[in-house]
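Structure first, commentary second.
Protein chains: 2
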Amino acid sequence: MRLLLVEDDPAQRLPLQIALRQAGHMVDAVPDAETAEGLWLSKDYDLLIVDWMLPGRSGIELCRRYRQASKGAPVLMLTAKDTTADTVAGLDAGADDYLVKPVDVLELLARVRALGRRSPYWLGDCLTVGDLQLDLMTLTVHYRDQQVMLAAQEFRLMEMLMRQPQRVFSREYLEANLWEWGSEPESNALSRLVYRLRQRLSSLGCGDVITTVHGLGYRLHLSGLTDASAG
Amino acid sequence: MRLLLVEDDPAQRLPLQIALRQAGHMVDAVPDAETAEGLWLSKDYDLLIVDWMLPGRSGIELCRRYRQASKGAPVLMLTAKDTTADTVAGLDAGADDYLVKPVDVLELLARVRALGRRSPYWLGDCLTVGDLQLDLMTLTVHYRDQQVMLAAQEFRLMEMLMRQPQRVFSREYLEANLWEWGSEPESNALSRLVYRLRQRLSSLGCGDVITTVHGLGYRLHLSGLTDASAG
DNA sequence: TTTGCAATGTCATTTTGATGTCACTTGAGT
DNA sequence: ACTCAAGTGACATCAAAATGACATTGCAAA
Numbered sequence: 000m001r002l003l004l005v006e007d008d009p010a011q012r013l014p015l016q017i018a019l020r021q022a023g024h025m026v027d028a029v030p031d032a033e034t035a036e037g038l039w040l041s042k043d044y045d046l047l048i049v050d051w052m053l054p055g056r057s058g059i060e061l062c063r064r065y066r067q068a069s070k071g072a073p074v075l076m077l078t079a080k081d082t083t084a085d086t087v088a089g090l091d092a093g094a095d096d097y098l099v100k101p102v103d104v105l106e107l108l109a110r111v112r113a114l115g116r117r118s119p120y121w122l123g124d125c126l127t128v129g130d131l132q133l134d135l136m137t138l139t140v141h142y143r144d145q146q147v148m149l150a151a152q153e154f155r156l157m158e159m160l161m162r163q164p165q166r167v168f169s170r171e172y173l174e175a176n177l178w179e180w181g182s183e184p185e186s187n188a189l190s191r192l193v194y195r196l197r198q199r200l201s202s203l204g205c206g207d208v209i210t211t212v213h214g215l216g217y218r219l220h221l222s223g224l225t226d227a228s229a230g
Numbered sequence: 000m001r002l003l004l005v006e007d008d009p010a011q012r013l014p015l016q017i018a019l020r021q022a023g024h025m026v027d028a029v030p031d032a033e034t035a036e037g038l039w040l041s042k043d044y045d046l047l048i049v050d051w052m053l054p055g056r057s058g059i060e061l062c063r064r065y066r067q068a069s070k071g072a073p074v075l076m077l078t079a080k081d082t083t084a085d086t087v088a089g090l091d092a093g094a095d096d097y098l099v100k101p102v103d104v105l106e107l108l109a110r111v112r113a114l115g116r117r118s119p120y121w122l123g124d125c126l127t128v129g130d131l132q133l134d135l136m137t138l139t140v141h142y143r144d145q146q147v148m149l150a151a152q153e154f155r156l157m158e159m160l161m162r163q164p165q166r167v168f169s170r171e172y173l174e175a176n177l178w179e180w181g182s183e184p185e186s187n188a189l190s191r192l193v194y195r196l197r198q199r200l201s202s203l204g205c206g207d208v209i210t211t212v213h214g215l216g217y218r219l220h221l222s223g224l225t226d227a228s229a230g
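In the order they appear, the protein sequences are chains A and B. 45 is the number that numbering that gives the first Met the number 0 gives to position 46 of the first sequence; each next residue is one higher, with no gaps. 72 is the number that numbering that gives the first Met the number 0 gives to position 73 of the second sequence; each next residue is one higher, with no gaps.
This is the structure:
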């Protein structure tokens, strides 16, 4: 999943980031609400993990602004004390869950899994589009009776394409959302990624599942769409 | 979207222009208010991005004159300092939003998206006229139960025609607004563009959606619309 | 720690495809 | 029929994308 972690104390932020990353998530970790807002305006997240106390804008305020921006991802608040008042305030602001600090990493991971399961795109551990099926547990794609294993990145790209099967994803969007903040590639890494994923898929016998839309991006190839070549 | 960027310092103007372009916008980038005014008199923009400090006429003055010209596109000001006085002055002059320099490109792109969504023509991600529907996410046109994908330029032309379905667009207007300032074609590229778009649309089975008005330009031909020019 | 291997990023080069240009044809208006 | 605007076919161009070769990273087994 793509997570946005907002926590001002590096001594708490970094271990969380590392733990979440090791659990297979992409984590953009930032120290304040302002930076967080800049990021969610240009990227999409599956879940926000937000410290209650932040310098500048508070976690509550951040949460409220996130909802005002019509963003739908669940928000998990990290609170210092487990008081009813805090909880109520957080839920009022649009938070979906909270966790008392100091954070138990295992519990955090469990909550992340739980909130992630709310995501409307995954049915159980599988995401199905036409004859294609993506399996979260085994990181494989199935096509009819065949299957291949994907590398982590390839899997993320495939998931992104399958979540909105008709959409044309611009290269800029993909680069922002398939790499963590600050580690975006500076070369044609995306081209290579698409290339490698296509190779994997072609071994399944399903030919051109990923279509290039020249100058605009990539999308899944679905039947029912007249081909864009008429010359 | 069609953007007009007014910034005198090339070292700031060019990177912004490139970033905005990569995000899929058409960007006319000019160094001063006078050039900007010359452009907005003959072209229409979806959004102006204006540096506060400009040689000659200031950004505020530019903004005021733009409003006096009864132009409706939102104006995004780039200010050097985040002072209340500046902000108030800018908003008084008709600016819709402001951004503190040095410009965070990601944030600029987000603001551009946000302001662009105000456009009254798009309902969600779709623009609908009669049986025709243009889909922003998938870059397709739908007609009844069929759809075709369009190339980038074809999509822009189609959007332009559908935003004002009754209007006759002169070739000059289309050439000015479908190409960036300084890169207008020198041949019959517009004819070719119309030709290709018509071919795509004809595969939908809806006949002559784009009508030539000889000597005057082009317009949409809608079934429910009385053809006023027919003799 | 070292070694090996798979995943991924970078550079250089080729290929592709949208779009522009030229040349000519068609057709509308007079 | 004449004239000029628009349509159309063939082709050129150039940026975007694909690809090959290779470097680097990171993890895992020895």
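We put the CB at the ideal spot given by N, CA and C, even for glycine.
Item: Kindly list the residues whose CB is nearer than 8 angstroms to the CB of Leu98(A), restricted to its own chain and excluding five residues on each side of it in sequence; keep chain order.; Value: Leu75, Met76, Leu77, Thr78, Glu106, Leu107, Arg110
Item: In whole angstroms, what is the alpha-carbon distance linking Arg64(B) and Arg195(B)?; Value: 39 angstroms
Item: Relative to chain A, which residues along the region 45-61 of chain B have a C-beta separation below 7 angstroms, given in chain order?; Value: none
Item: Count Cβ pairs between the region 22-41 of chain B and the region 165-179 of chain B that sit closer than 8 angstroms; are there 3 or more?; Value: yes
Item: Going by DSSP, what residue range makes up the beta strand (DSSP E) through Leu2(B)?; Value: 1-5
Item: Return no unless some Cβ of chain A is closer than 8 angstroms to the Cβ of Thr78(B).; Value: no
Item: Check whether the region 205-220 of chain A and the region 165-175 of chain A touch, using three or more Cβ-Cβ pairs below 8 angstroms as the test.; Value: yes
Item: How many angstroms separate the CA atom of Leu53(A) from the CA atom of Ala32(A)?; Value: 7 angstroms
Item: DSSP state of Met148(B), grouped into three classes?; Value: strand
Item: Does the beta carbon of Leu40(A) come closer than 8 angstroms to any beta carbon on chain B?; Value: yes
Item: Curious, which full-length beta strand (DSSP E) runs of at least 3 residues does the region 149-223 of chain B contain?; Value: 209-212, 216-219
Item: Mind checking which residues open and close the alpha helix (DSSP H) that includes Thr34(A)?; Value: 32-41
Item: Taking the alpha-carbon of Val140(A) as reference, which of Ser201(A), Gln165(A), Gln21(A) has the nearest alpha-carbon?; Value: Ser201(A)
Item: Given a threshold of 16 other Cβ atoms within 10 Å of its Cβ, counted over all protein chains shown, does Pro14(B) qualify as buried or as exposed?; Value: exposed
Item: Pairs of beta-carbons, one from the region 2-13 of chain A and one from the region 125-139 of chain A, closer than 8 angstroms: are there three or more?; Value: no
Item: State the start and end residues of the unbroken beta strand (DSSP E) segment that holds Tyr44(B).; Value: That residue, Tyr44(B), is in no beta strand (DSSP E); it is neither H nor E in DSSP.
Item: Below 9 angstroms on C-beta distance, what does Gln21(B) contact in chain A?; Value: Ser169, Arg170, Glu171
Item: Please name the residue in Tyr44(B), His24(B), Trp121(B), Gln146(B) whose C-alpha comes closest to that of Pro73(B).; Value: Tyr44(B)
Item: Whole angstroms is fine: what's the gap from Asp144(A)'s alpha carbon to Gly23(A)'s?; Value: 27 angstroms
Item: Go ahead and label Ile17(A) buried or exposed: buried means 16 or more other beta carbons lie within 10 angstroms of its beta carbon, across all protein chains shown.; Value: exposed
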